[in-house]
Amino acid sequence: MAPTTQIPRNQWYVAAYGDEIGASLFARTICGEPVMFFRDAGGTVSALADRCVHRRFPLSKSNRDGDKIVCGYHGFTYDKTGACVAVPGQTRIPRTARVKPYPVHEQDSLVWIWIGDAEPSPVSSIPRAPWLAADGGYTTLRALAPLKARHSLLLDNLMDLSHETYLHGGYIGTPEVAETPITTEVDEEAGIIRVSRHMDDAECPPFYAKSTGIDGRITRWQDIEYFPPCLYTLHSRIAPAGVLPPASGPDSDAFHVEITYALTPETETSTHDFWMVSRDFGHGDAGMDSFFSQMQAEVVQQDVDALNLLEELIAADGEAYQELSINIDTGALAARRLIKKLNEAA
Amino acid sequence: MAPTTQIPRNQWYVAAYGDEIGASLFARTICGEPVMFFRDAGGTVSALADRCVHRRFPLSKSNRDGDKIVCGYHGFTYDKTGACVAVPGQTRIPRTARVKPYPVHEQDSLVWIWIGDAEPSPVSSIPRAPWLAADGGYTTLRALAPLKARHSLLLDNLMDLSHETYLHGGYIGTPEVAETPITTEVDEEAGIIRVSRHMDDAECPPFYAKSTGIDGRITRWQDIEYFPPCLYTLHSRIAPAGVLPPASGPDSDAFHVEITYALTPETETSTHDFWMVSRDFGHGDAGMDSFFSQMQAEVVQQDVDALNLLEELIAADGEAYQELSINIDTGALAARRLIKKLNEAA
Amino acid sequence: MAPTTQIPRNQWYVAAYGDEIGASLFARTICGEPVMFFRDAGGTVSALADRCVHRRFPLSKSNRDGDKIVCGYHGFTYDKTGACVAVPGQTRIPRTARVKPYPVHEQDSLVWIWIGDAEPSPVSSIPRAPWLAADGGYTTLRALAPLKARHSLLLDNLMDLSHETYLHGGYIGTPEVAETPITTEVDEEAGIIRVSRHMDDAECPPFYAKSTGIDGRITRWQDIEYFPPCLYTLHSRIAPAGVLPPASGPDSDAFHVEITYALTPETETSTHDFWMVSRDFGHGDAGMDSFFSQMQAEVVQQDVDALNLLEELIAADGEAYQELSINIDTGALAARRLIKKLNEAA
């Protein structure tokens, strides 16, 4: 039987940026499940189902007592593993009083959570993004955009960058993005999709002209790596036209920007759109920080506005619409296929 | 099988006032279908389905390139017949890339659209309202009221003017409207319903007292002609009491106001309530323009408030309610019957 | 077959405070039924179904003509028994033109209404709250909180006061409330549930410390009487620690506060939360009035916020949640059982 959800379970998803979670109780819905997070006295993130077993009150609206959580309605008290350790008016604690704990793993400044009832895949299977780590040698700006659209709409958007020309003209789009054909490669075994577009002689869009200082045409490479279902990375290489990476040694004549997205379903029709922009130049340049941060936030908002609109149209129009795909959609279609496969396996 | 919609298809509907549609792309939902309108270089109105064939993006949020439309998401480009003439990243255009064009006809300052898959009825079958034309000899004020209520509620309202006494007291209602019996005539073949109420000696309501300057009682005739499903006209004749139309020649001792409504379903439960008030006196009198415009807007708003409320009650109460009809409802019941007939034929 | 509603019919419910209903037409939805109330020339409250028989227009949006109601849409006119006495445009009144009248009984400053099609239970069966009467010897502050949560959530809340410790700390909650066991008594025949918690040596919460002036620990008794489905009373007795009621004669060394709630379903998922706080001390003390009024309003709002949140979670989470009950829930579970019995009998 086909699954009725479009969200693969038994997967690791990014739940939060590491610095979002501290002493305060923190609530976020992941793949339709309400989860409460906090960082314990030892600095480790815990995640529990955000519903008291007694009368459904959200634990995230409750109080911490050291590493224990005291429900804000009637005082049911839990330790960080979810076991109930105290109830009001009696000393006997019911045997079944326990809220579900979630496996959590923190790396590269991201907090990952395992959603699903199966045994978690080893944490070594979680994709890496070392440029996001504190010692990764990159300067990163980032934020979280609330998106009222389903995961697959954001995935469509990111896997086909030809939309940059139309939706993001004046930011990152130039005519060459839409015109240059892509190459798509699907590594079925590793579960990775790669989409590349190498523009050897292209106009430099404002986003890069202003930040790199390049005055003139550029070599612009866009190499996407997508690790379904959650992590998307766009390796962007910018150099003056004709400047190619040396046969050996560091590619220090080029500017590198790693654009990372974590696409985490909130519900079937909404998504946590984590975005991060990391650069290997201009470290410590507050003006450049501010420029990247603002430009990328505007680009993301253009996407969010478009995708929110599409989600509204899906709700309004119903199932009548039949889409039509062309070459630019190869990466997105491959991504959908892998997601479907994960979903059916779950 | 009974249709599940209350909206007859294979019909002409008023989509817009002519002057609403110019160079900008213009979106309006008609009978549940999202449509994008624009006026081409030659001045002719085109109407296309408002969804790109690629990924559903609304063409109305896109850009014009002369008489071509370039989708704002990935650049799919259409001519004014809906044929796709360019796509990004490749030169071959898929054979099925075409958005649906709608037949359109503009007359008497109104833009009509044919909704339905059947061959359009000849444009000569579209009802006329010559007083709305630029050279019709009338001065017209008009607007469009968004109505969050179904077509049949507005139709009920307009076909039974006895409500003027209660809902529009102090504007157009006087006791005689509710007290005077109506005559109803249904021309089944032509598909026209006529409802007349002739008050020979009636109080003059503020709406007419102030505009005509008549000081005292009046002869007030209300002659409705309804052309299902969309066009409603109320021929209103006001004269000092006892003044009747001459046996021959122009009725120049009376004041004539043509009150025209176009009732176009937006969805099953909302309606575009186009209203127009045309008079054959006081041409060029800006104060009178402003008076008519404001009074009619307030009257329409009283109806809109009442009908929006009824629509909310239908949603809240469900099907439990059983209405009770009396003589005043003859016209509305005939109108419902003709609409049902059109709907079943569609 | 199990009823699909959680609201027992064929019951008396509190519809309003007596002073809410005067000369103006007053609308309130009770158990999903829209009702229009008014006080006739003789001072008696009438209640009619709030829908005109003609086209569903709410009579509460209409006009009074003495003790008659004239529909604001087309002028159908009703007397206070719901009989139609005039219609527009004709003298014959249809035999079936009648809106449903509701039995009403006013006592102890409350207006009760009978919901259901069965013969009403005698008004002597309506529970009394004599401290609310004008001559009851108590000073009462009261209000109505709109609650977007189902009746059973409010009932759960009120039947288990251990939540005072957690949700109302700093107001009425102290550790002893959660710690002290309750006794529960169900009088099946009379249909009354009693839950008592007697704290012999307890901290005095701010609500009582400031109002009674007691400086030190207290004897605090909470005696709940619940008369399903609507009336809830909490008899609260506060005295300095060790002061018990005398064997005979008035208990004048203690402070008594009667906290009364009427829990009237508005719909399946919203409730009219009538709350009243009556005290037998500090009569005529405007400062104390204001203190009680404000403190209780804040306490009620804490409950409303929590219960509104739970209702939202029920809607969002669906049926997956399985609650877990302990000793403190004995009263609430008994109340649910009696409500279910009433519902099945209806």
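Residue numbers (the numbering used here), protein chains in the order written: chain A, 124 to 469; chain B, 124 to 469; chain C, 124 to 469.
All residues carry an ideal CB built from backbone N, CA and C; glycine is no exception.
{"Item": "Touch test, the segment 436-446 of chain C against the segment 187-196 of chain A, Cβ-Cβ under 8 Å, three pairs minimum", "Value": "no"}
{"Item": "Test item: CB-CB of A/Thr200 and A/Pro224 under 8 Å", "Value": "no"}
{"Item": "Cross-chain neighbours of C/Val296 in chain B, by beta carbon under 7 Å", "Value": "Note that residue 296 of chain C is Gly in the sequence shown here, rather than Val. In chain order: nothing, as chain B lies at least about 38 Å away."}
{"Item": "Selected residue, minimal CA-CA separation from B/Gly166, among B/Glu156, B/Thr152, B/Ala146", "Value": "B/Ala146"}
{"Item": "Range covered by the alpha helix (DSSP H) that runs through C/His177", "Value": "Taken as a continuous stretch (DSSP letters only), C/His177 belongs to no alpha helix (DSSP H), as it is neither H nor E."}
{"Item": "Residues within the segment 396-422 of chain B neighbouring chain A, beta-carbon criterion of under 9 Å", "Value": "none"}
{"Item": "Reduced DSSP category for A/Leu386 - H, G, I as helix; E, B as strand; rest coil", "Value": "strand"}
{"Item": "Rounded C-alpha distance that separates B/Ala409 from B/Ser401", "Value": "14 Å"}
{"Item": "Amino acids of chain C, ordered along the chain, whose beta-carbon sits closer than 9 Å to that of A/Ala146", "Value": "Correct list: empty, because the minimum Cβ distance to chain C is about 20 Å."}
{"Item": "Neighbourhood of A/His321 by C-beta, 6 Å cutoff - its chain only, sequence neighbours within 5 removed", "Value": "Trp344"}
{"Item": "Interface residues of chain A facing C/Thr288 [CB-CB closer than 9 Å]", "Value": "His197, Gly198, Pro211"}
{"Item": "Per DSSP, the bridge partner or partners of B/Thr307", "Value": "B/Val318"}
{"Item": "Contacting positions in the segment 220-231 of chain A - beta carbon closer than 7 Å to chain C", "Value": "Ala220"}
{"Item": "Neighbour-count burial assignment, C/Gly296, 16 or more Cβ in a 10 Å radius", "Value": "buried"}
{"Item": "Expected contact under 8 Å - CB spacing of B/Leu447 and C/Ala220 to nearest Å", "Value": "6 Å"}
{"Item": "Interface flag, A/Leu447 vs chain B, CB-CB below 8 Å", "Value": "yes"}
{"Item": "Residue environment, B/His406, which counts as buried when at least 16 other CB atoms sit within 10 Å", "Value": "exposed"}
{"Item": "Distance CB(B/Leu277)-CB(B/Leu386) smaller than 8 Å", "Value": "yes"}
{"Item": "The segment 258-266 of chain A in contact with the segment 364-374 of chain A per 3-pair CB rule at 8 Å", "Value": "no"}
{"Item": "Rounded separation between A/Ser359 and A/Val380 - CA only", "Value": "5 Å"}
{"Item": "Proximity test, Cβ basis, 8 Å: A/Lys333 and chain C", "Value": "no"}
{"Item": "B/Gly292, DSSP secondary structure in three states", "Value": "strand"}
{"Item": "Closer than 7 Å at the beta carbon, the chain A residues around C/Ser393", "Value": "Going along chain A, no residue has its Cβ under 7 Å from C/Ser393, so there is no contact; the nearest lies around 18 Å."}
{"Item": "Burial state of C/Ser185, where buried means 16 or more other Cβ atoms lie within 10 Å", "Value": "buried"}
{"Item": "CB contact flag (C/Ile130, C/Glu391, <8 Å)", "Value": "yes"}
{"Item": "Enclosing alpha helix (DSSP H) for A/Gln425 [first to last residue]", "Value": "409-440"}
{"Item": "Proximity of B/Ala268 and B/Ser232 at Cβ, strictly below 8 Å", "Value": "no"}
{"Item": "Cβ pair count under 8 Å reaching 3, the segment 208-219 of chain A against the segment 448-461 of chain C", "Value": "yes"}
{"Item": "B/Leu182 to A/Met282 span [Cα, whole Å]", "Value": "22 Å"}
{"Item": "Heavy atom of the ligand NAD within 7 Å of B/Arg178 beta-carbon", "Value": "This structure does not include the ligand NAD; it has no bound ligands of any sort."}
{"Item": "Contacts that A/Val176 makes with chain C (C-beta to C-beta distance below 7 Å)", "Value": "Leu447"}
{"Item": "A/Asn431 at chain B interface by Cβ criterion, 8 Å", "Value": "no"}
{"Item": "Rounded straight-line distance, which links the Cα of C/Ala150 to that of C/Lys333", "Value": "38 Å"}
{"Item": "Within chain B, the residues that A/Asp279 reaches when beta carbons sit closer than 9 Å", "Value": "Arg178"}
{"Item": "C/Glu467 burial status per 10 Å Cβ neighbour count (16 or more: buried)", "Value": "exposed"}
{"Item": "Sequence ranges, beta strand (DSSP E) only - wholly within the segment 333-360 of chain A, length at least 3", "Value": "341-350"}
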